[in-house]
Structure formats: structure tokens, C-alpha cells
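Asker: Counting the sequence shown from 1 gives a position; the working numbering is that position plus 32.
Cβ atoms here follow ideal geometry from the backbone N, Cα and C, with glycine treated the same way.
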Amino acid sequence: MVDGKTKILGVIGDPIEHTFSPAMHNAGLNELGLNYIYLPFHVKEERLGECIQGAKAMGIKGLNVTIPHKSNVIKHLDDIDSVASMIGAVNTIQFIYDEDNESSNQDNGINVRTKGFNTDGYGCVRAIEEKTSIKDKKVSITGAGGAARAVAFQIANSGIDELSILNRNLSKAQSLANDLKINLESIGIDISINAYDLEELKRELSDSDIFIDTTPIGMYPNVDDKPVASADMLHEDLLVNDIVYTPMKTSLIREAELANAEVVYGYKMLLYQGIRSFEIWLGREAPADVMENALLDVLGI
Ligand code: NAP
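Here you go:
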């Protein structure tokens with residue numbers, strides 16, 4: 033029940049009408065009996081600065097940020113977490129109010145600070161670690177776009193041994209590998225890049241422990257597309273994570289099952305990035321089961 037004390041969380045993006053986040057977050061907020069509501073906001077690129085200032089002035093408690101604002105929003109924030117800074121993208125904004133000053137919310141944002149986080153990579157790593165430890169593993173990633181950056185930085189920070197990045201556009205893979213090497217110099221991971229083609233991928237996967245596909249291949253409506261030719265390119269000691277979540281069972285996941293590989297569905301990354309955002313804003317453990325059921329429900333699974 034919304035009343036005069038209800039606090040606001042939300043998600044900004046353009047477009048925004050297809051977001052699954054409100055269902056997941058509102059279920060979590062209701063479960064904990066918190067007087068909060070989570071809303072979608074359609075924000076155009078040219079109004080991003082005004083949006084953040086307006087959110088501060090209105091006492092908004094937290095925002096998720098989705099496409100296309102994840103990088104551009106950074107210049108409008110007061111502070112940024114180190115992982116988000118390395119990734120160069122923010123998907124979560126915490127609004128930190130001066131709680132000692134009751135009137136601070138109405139203070140045109142003067143006593144409010146914003147801090148940006150990126151929880152996408154955390155979501156992916158937590159989803160995989162439900163099934164297996166990442167430590168000392170060889171991880172192969174296909175794609176070098178926004179999601180791959182978030183995943184690669186978090187994975188590279190999680191004690192892995194070797195990272196192989198395969199991308200159609202090799203210079204984008206090179207650029208991601210360079211950024212990883214510069215930012216994570218002391219970590220000592222073996223990072224290699226390859227063009228994404230079936231031969232290279234087959235070779236890289238043959239001695240990989242974990243395969244994360246961050247390309248949109250197989251996403252609805254192109255549900256028959258897959259990044260591998262067949263199950264023969266996979267093996268039973270491999271964990272396969274397709275971050276595409278529509279459909280839940282992508283063609284890649286089906287091939288992985290045929291190969292008796294362990295699978296991690298893409299919706300799990302979506303779930304855990306949301307759970308981490310929830311915990312950043314509210315400072316308490318999120319009700320994961322309830323949020324997962326709400327997400328599965330809204331995804332029609
Ligand atoms: P992006 O920035 O556009 O990057 C897409 C990457 O995939 C690029 O590296 C691109 O290669 C590669 N790619 C695209 N089509 C390809 C094809 N047909 N063959 C080979 N490579 C191809 O997109 P993004 O933001 O990273 O998102 C990628 C996917 O992840 C989307 O499906 C998105 O829905 C999903 N996602 C899921 C979650 C989750 O929580 N589960 C979170 C974020 C994103 P080039 O560089 O050569 O163009």
C-alpha cells in the first residue's frame with residue numbers, strides 16, 4: 033500500500049517497458065514488509081543529468097540503470113565503486129542522504145551523494161559459484177561487449193587461472209584484454225584473445241572448465257541460433273553459462289545438456305545482479321527465493 037511514507041526505488045533506461053526488474057524487486061520488498069516501491073522510468077539520453085538531479089531532489093533511494101545509460105550516467109555521479117570504474121559502466125546507483133538532517137531530501141540534492149556500482153559481473157559469478165568454484169579454473173568467454181566487460185572484470189577478480197576471450201571483432205577483444213591487464217596487473221592471470229570462429233572456440237573449450245556466452249546469439253526470436261556447431265564442441269567437465277535469458281533454455285543450453293555439461297541459466301545472472309542492488313540500497317539480505325520466483329513468473333517460466 034503506497035502512502036505518504038513510501039520510499040522509491042526504480043530503474044532508468046530507454047526503452048524501459050520490457051524490464052523484468054520491478055516484479056523481482058517489488059516481490060522482495062513486499063516479502064520484507066518494507067514501505068518501498070520499485071518503478072520503471074523511461075529516461076532519454078539528453079535528460080540523464082536532469083534525471084539524476086531530480087532523483088536526488090525527490091529523495092529517491094536507489095536506481096538501477098539499463099541500456100543505453102550504463103556508461104553515460106557515470107559523469108553525473110558523485111562517486112563510483114572501483115569495480116564499476118574499471119568496467120566503465122554502472123547498473124546500480126545508491127543515493128546516500130544525510131540522515132542527521134531530516135530536511136535533506138527536500139534540499140535540492142545538496143545533502144545527497146550518489147555512488148555507482150556494477151552488479152552484473154557479481155550476478156554472473158554468483159550464479160556460477162552456486163554450481164562450482166571458479167578458483168584456479170580456465171574460463172572462456174564469447175563476446176566482448178558491455179556484458180562481457182562486466183563479467184570479465186568480476187571473473188578475473190575471482191581467483192581464476194586463465195581467461196580466454198573470443199570475439200567476432202578481434203580488436204574489441206584486444207581492447208578488453210588490455211583493460212584487464214592494465215587494471216588487474218598484479219593478479220597474474222593468463223589472458224588470451226581469439227577471433228570467434230568455430231575452430232578457435234572448439235580448441236579453447238577443449239581445455240576450459242567454464243564457458244560463458246555473452247553474445248546475444250540464441251536470444252528470442254532467433255531461438256535456433258547457437259554459438260557452437262553442436263554438443264561435440266562441449267564436454268562433460270565443462271560448465272556452460274548462457275547469459276541470454278529469453279528463452280530460458282537456449283539452443284546452447286540444450287547442446288550443453290546433450291554433452292552432459294553442467295548448465296547455468298541466464299536468468300540467474302539477472303536475479304543475482306538484482307539481489308546485490310537490493311542489498312546495496314537496503315543494507316540487508318534480500319529474500320532470494322521470493323525474488324527468484326517472481327522473476328521466473330514474469331519471464332513466463
Ligand atoms: P553488446 O554490448 O552489443 O555486445 C554483444 C557482443 O556479442 C559483441 O561482442 C558482439 O560482437 C557479439 N555478437 C553479437 N552478435 C553476434 C553474432 N551473431 N556472432 C558473434 N558474435 C556476436 O551487448 P551486451 O550488452 O554485452 O549484451 C549481450 C547479451 O547479453 C544480450 O543478449 C543481453 O540480453 C544479455 N545480457 C544478459 C544479462 C543477464 O543478466 N543475464 C545482463 C546483460 C546482458 P562484435 O564485437 O564483433 O560486434
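Rank 106, 34, 101 by C-alpha distance to the C-alpha of residue 71 and give the top, closest one.
Answerer: Comparing Cα-Cα distances from residue 71 to each of 106, 34, 101, the minimum goes to 34.
Asker: Label residue 137 either buried or exposed according to how many other C-beta atoms from any shown protein chain fall within 10 Å of its C-beta, with 16 as the threshold for buried.
Answerer: For residue 137, the predicted structure reports a pLDDT of 49, less than 50, and the residue's modelled location is therefore unreliable. A value from the coordinates is still provided. By the 10 Å Cβ count, residue 137 comes out buried.
Asker: So what's residue 207 in DSSP terms, helix, strand or just coil?
Answerer: In the structure shown, residue 207 sits in a helix (DSSP, three-state: H, G or I).
Asker: Given 7 Å as the limit, tell me if residue 100 has its C-beta closer than that to any heavy atom belonging to ligand 1.
Answerer: no
Asker: When you compare the CB positions of residue 275 and residue 245, do they come within less than 8 Å of one another, or not?
Answerer: yes
Asker: Entirely within the region 94-128 and at least 3 residues each: give me those beta strand (DSSP E) ranges in chain order.
Answerer: 94-97
Asker: Grouping DSSP H, G and I as helix and E and B as strand, with all else coil, what is residue 310?
Answerer: helix
Asker: Once DSSP output is grouped into helix, strand and coil, what is the label at residue 222?
Answerer: In the three-state DSSP reduction, residue 222 falls in the strand class (E or B).
Asker: Label residue 252 either buried or exposed according to how many other C-beta atoms from any shown protein chain fall within 10 Å of its C-beta, with 16 as the threshold for buried.
Answerer: Exposed: under 16 other Cβ atoms inside 10 Å.
Asker: Where do the N-terminal and C-terminal ends of the alpha helix (DSSP H) with residue 57 fall, by residue?
Answerer: 53-63
Asker: Nearest to residue 229 by alpha carbon, out of 212, 90, 259, 240?
Answerer: Measuring from the Cα of residue 229, the nearest candidate turns out to be 259.
Asker: Just to confirm my understanding: we take residue 139, look at its own chain, exclude 5 residues before and 5 after, and list those with CB closer than 7 Å. What are they?
Answerer: Because residue 139 carries a pLDDT of 49, less than 50, the predicted location of this residue cannot be relied on, and the following value inherits that uncertainty. Taken in chain order, the list of residues that qualify is empty.
Asker: Measuring straight from C-alpha to C-alpha, what distance separates residue 314 and residue 171?
Answerer: 33 Å
Asker: Could you give the C-beta distance for residue 42 and residue 95, rounded to a whole number, given that I count them as a contact under 8 Å?
Answerer: 6 Å
Asker: Just verifying my parser: in three-state terms, what is the DSSP assignment at residue 170?
Answerer: In the structure shown, residue 170 sits in a strand (DSSP, three-state: E or B).
Asker: Work out the CA separation of residue 264 and residue 63 for me, nearest whole Å.
Answerer: One C-alpha to the other measures close to 44 Å.
Asker: Going by the DSSP bridge assignment, what does residue 194 pair with across the sheet?
Answerer: 170, 222
Asker: Starting from residue 285, trace the alpha helix (DSSP H) both ways and give me its first and last residue.
Answerer: Residue range 283-290 is occupied by the alpha helix (DSSP H) that includes residue 285.
Asker: Which term fits residue 50, buried or exposed, when burial requires 16 or more other beta carbons within 10 angstroms of its beta carbon?
Answerer: exposed
Asker: Beta carbon of residue 101, beta carbon of residue 45: below 8 Å?
Answerer: Yes.
Asker: Whole angstroms is fine: what's the gap from residue 238's alpha carbon to residue 52's?
Answerer: 35 Å
Asker: I want to check one thing, is the minimum distance from the CB of residue 17 to the heavy atoms of ligand 1 below 7 Å?
Answerer: Residue 17 falls outside the range modelled here, since the chain spans only 33 to 333, and no answer is possible.
Asker: So is the beta-carbon of residue 302 under 7 Å away from any non-hydrogen atom of ligand 1?
Answerer: yes
Asker: Pick helix, strand or coil for residue 87, following the three-state DSSP scheme.
Answerer: Residue state, collapsed to three classes: helix.
Asker: Please identify the residue among 254, 240, 285 whose C-alpha is closest to the C-alpha of residue 270.
Answerer: 240
Asker: Counting pairs of Cβ atoms below 8 Å between the region 210-221 and the region 150-170, do you hit three or more?
Answerer: no
Asker: Measure the Cβ-Cβ separation of residue 184 and residue 202 and say whether it is below 8 Å.
Answerer: no
Asker: Cβ of residue 276 versus every heavy atom of ligand 1: is any distance shorter than 7 Å?
Answerer: yes
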